[in-house]
Amino acid sequence: MTTLPGISDIQAAAARLSGLAVETPLIESPELNERYGGRILFKPETLQRTGSFKIRGAYNKLSSLTEEERGRGVVAFSSGNHAQGVAASAAMFGVKAVIAMPADAPALKVGNVRKMGAEVVPFDRYKDDRMTIVRPYVEKGMVLVPPFDDPAIIAGQGTIGLELMKQAKTLGVSLDAVVIPCGGGGLSSGISVAVKDASPRTAVWAVEPEHFDDTRRSLAKGERVSNQPGHTSICDALLTAEPGAITFEINRRNLAGAIAVSDKAAAQAMRDAMAYLKLVVEPGGCVALAALSSGEIDLAGKCVVVVLSGGNVDFATYAEIIAAV
Numbered sequence: 058m059t060t061l062p063g064i065s066d067i068q069a070a071a072a073r074l075s076g077l078a079v080e081t082p083l084i085e086s087p088e089l090n091e092r093y094g095g096r097i098l099f100k101p102e103t104l105q106r107t108g109s110f111k112i113r114g115a116y117n118k119l120s121s122l123t124e125e126e127r128g129r130g131v132v133a134f135s136s137g138n139h140a141q142g143v144a145a146s147a148a149m150f151g152v153k154a155v156i157a158m159p160a161d162a163p164a165l166k167v168g169n170v171r172k173m174g175a176e177v178v179p180f181d182r183y184k185d186d187r188m189t190i191v192r193p194y195v196e197k198g199m200v201l202v203p204p205f206d207d208p209a210i211i212a213g214q215g216t217i218g219l220e221l222m223k224q225a226k227t228l229g230v231s232l233d234a235v236v237i238p239c240g241g242g243g244l245s246s247g248i249s250v251a252v253k254d255a256s257p258r259t260a261v262w263a264v265e266p267e268h269f270d271d272t273r274r275s276l277a278k279g280e281r282v283s284n285q286p287g288h289t290s291i292c293d294a295l296l297t298a299e300p301g302a303i304t305f306e307i308n309r310r311n312l313a314g315a316i317a318v319s320d321k322a323a324a325q326a327m328r329d330a331m332a333y334l335k336l337v338v339e340p341g342g343c344v345a346l347a348a349l350s351s352g353e354i355d356l357a358g359k360c361v362v363v364v365l366s367g368g369n370v371d372f373a374t375y376a377e378i379i380a381a382v
């Protein structure tokens, strides 16, 4: 087993990202506080560079490479947000980047990756093996930048946890829970390390799309399990096949649990984010807000942070989704 990233790794990542990553604020809505009967603070990574949290882990990973490794270029696979994080980080370092992206990835995300100078290689997310697509580039010497199951990636995402715990302290509040969107588990595992270091009593919850709840089912079984094929979701950013080995090991130690939410609940959460927070949030980025209506988290009289992980959605798709709820 790879050594699990700890708080010192997250602190080192924060130092590397200082001045590069946006320290996103904690915001709240009186209307949503009243609805849920507690104090709900939102961490909007929608305001982050590239529109999601992913640049934190990608930049930290590239920072950890030697100049010789970066000189060989980097390769990654992603439905869009990690792709943009890698492309932007590669541009900062002046290195070549190749990104394998699903053919049905949002055009906005694909276009953004190309604008940042990366080469896009399309594949079928339901039929093709991602590693098979990127393997020829790795064999040529390019360095693989995984989307979640990597200590440097996890540590970079964990800087969100450092920030939100510091911000909560500044506000004079003690956090009862932190609720986080979950695909492969890099975000939830990284944040959980920072949160539990600062406040062991704070419950950390992961939230996944319905039918893509591999972390929830893995936690219940005590070992990693894969999602069943044949399902789709509007939450394109969270459609991973199974939890990572490293991320699951951290999550099984730190999470209070994981919650699955429907596409309808995610769409309603997008509408609420627009109405009450004045934020455009993509479906996968809004699942943690959707989970507040599940009844699985005790909110009454509690102080809870909800992470909004990304906002990369084109206006036509966004309007279509929220108009349907």
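Note that the sequence shown ends on residue 382 in my numbering; no numbers are left out.
We put the beta carbon where it would ideally sit given N, CA and C, even for glycine.
Small disclaimer: the values here were computed from a predicted structure and weren't measured.
Checklist entry - Are residue 344 and residue 312 closer than 8 Å when you measure CB to CB? => result As a position in the sequence shown, residue 344 is number 287, starting the count at 1. As a position in the sequence shown, residue 312 is number 255, starting the count at 1. Cβ atoms of residue 344 and residue 312: not closer than 8 Å.
Item to check | Whole-number beta carbon distance between residue 86 and residue 334, since they are thought to touch under 8 Å | outcome: The count along the sequence shown starts at 1 and reaches residue 334 at position 277. The count along the sequence shown starts at 1 and reaches residue 86 at position 29. Their Cβ separation, rounded to whole angstroms, is 6 Å, which keeps residue 334 and residue 86 in contact under 8 Å.
Next on the checklist: For a test of the three-state rule: what should DSSP assign to residue 244, helix, strand or coil?
Outcome noted: Here residue 244 is taken as the residue at index 187 of the sequence shown, counted from 1. Helix at residue 244.
Next on the checklist: Taking only three categories from DSSP, how would you classify residue 215?
Outcome noted: The residue you call residue 215 lines up with position 158 of the sequence shown. Of the three classes helix, strand and coil, the one that applies to residue 215 here is helix, per DSSP.
Next on the checklist: Contact between the region 346-356 and the region 277-289 is defined here as three or more beta-carbon pairs at a separation below 8 Å; is this criterion met?
Outcome noted: no
Item to check | Validate contact between the region 159-177 and the region 195-210 using beta carbons, cut 8 Å, 3 pairs | outcome: no
Checklist entry - When DSSP labels each residue in this structure, what does residue 199 get in the three-state scheme? => result Counting from one through the sequence shown, the residue named residue 199 turns up at place 142. Coil, per DSSP.
Checklist entry - CA-CA distance, residue 252 and residue 215? => result Residue 252 sits at position 195 when you count from the first residue of the sequence shown. Residue 215 sits at position 158 when you count from the first residue of the sequence shown. Going by the C-alpha atoms only, they are around 9 Å apart.
Checklist entry - Under three-state DSSP, which class holds residue 80? => result Position 23 of the sequence shown, counted from the first residue, corresponds to residue 80. Here residue 80 sits in coil by DSSP.
Checklist entry - Where do the ends of the alpha helix (DSSP H) carrying residue 327 lie? => result Your numbering for residue 327 matches position 270 in the sequence shown. Its alpha helix (DSSP H) spans residues 320-329.
Item to check | For residue 156, the first and last residue of its enclosing beta strand (DSSP E) | outcome: Taking the sequence shown and counting its residues from 1, the one referred to as residue 156 is at position 99. Element bounds for residue 156: 154-159.
Next on the checklist: With distance defined between alpha-carbon atoms, name the residue in 381, 254 and 241 nearest to residue 272.
Outcome noted: In the sequence shown, the residue the question calls residue 272 occupies position 215. Checking every option, the nearest Cα to that of residue 272 belongs to 241.
Next on the checklist: My parser needs the beta strand (DSSP E) runs of 3 or more residues fully inside the region 238-323; what are they?
Outcome noted: 260-266 and 314-318
Checklist entry - Do you know offhand how far residue 318's Cα is from residue 340's? => result As a position in the sequence shown, residue 318 is number 261, starting the count at 1. As a position in the sequence shown, residue 340 is number 283, starting the count at 1. Whole-angstrom Cα-Cα distance: 11 Å.
Next on the checklist: Quick check on the DSSP output: the alpha helix (DSSP H) that includes residue 340 runs from which residue to which?
Outcome noted: In the sequence shown, the residue the question calls residue 340 occupies position 283. Note, residue 340: premise wrong, no alpha helix (DSSP H); not H, not E.
Checklist entry - Helix, strand or coil: which one does DSSP assign to residue 110? => result One-based indexing of the sequence shown puts residue 110 at position 53. Coil.
Item to check | residue 370 in three-state terms, based on DSSP | outcome: Taking the sequence shown and counting its residues from 1, the one referred to as residue 370 is at position 313. Residue 370: coil per DSSP, three-state reduction.
Checklist entry - Going straight from the alpha carbon of residue 376 to that of residue 320, what length do you get? => result Here residue 376 refers to the residue found at position 319 of the sequence shown. Here residue 320 refers to the residue found at position 263 of the sequence shown. Rounded to the nearest angstrom, the two C-alpha atoms are 15 Å apart.
Next on the checklist: I'd like to know if the region 207-214 and the region 114-123 are in contact, where contact means that at least 3 CB-CB pairs between them fall below 8 Å.
Outcome noted: yes
Checklist entry - Relative to the alpha-carbon of residue 74, which residue among 92, 130, 108 and 115 has its alpha-carbon at the smallest distance? => result Taking the sequence shown and counting its residues from 1, the one referred to as residue 74 is at position 17. Cα-wise, what sits closest to residue 74 is 115.
Item to check | Exposure of residue 372, with buried meaning 16 or more beta-carbon neighbours within 10 Å | outcome: Numbered from 1 along the sequence shown, position 315 holds the residue referred to as residue 372. That one is exposed.
Item to check | Runs of alpha helix (DSSP H) wholly within the region 169-198 (minimum 4 residues, chain order) | outcome: 187-196
Checklist entry - Should residue 62 go down as buried or exposed, given a rule of 16 or more other Cβ atoms within 10 Å for buried? => result Along the sequence shown, read from residue 1 onward, the residue named residue 62 stands at position 5. Answer is buried; the Cβ neighbour count reaches 16.
Next on the checklist: Could you pull the DSSP bridge partners for residue 101 from this structure?
Outcome noted: Taking the sequence shown and counting its residues from 1, the one referred to as residue 101 is at position 44. DSSP lists 365 as partners of residue 101.
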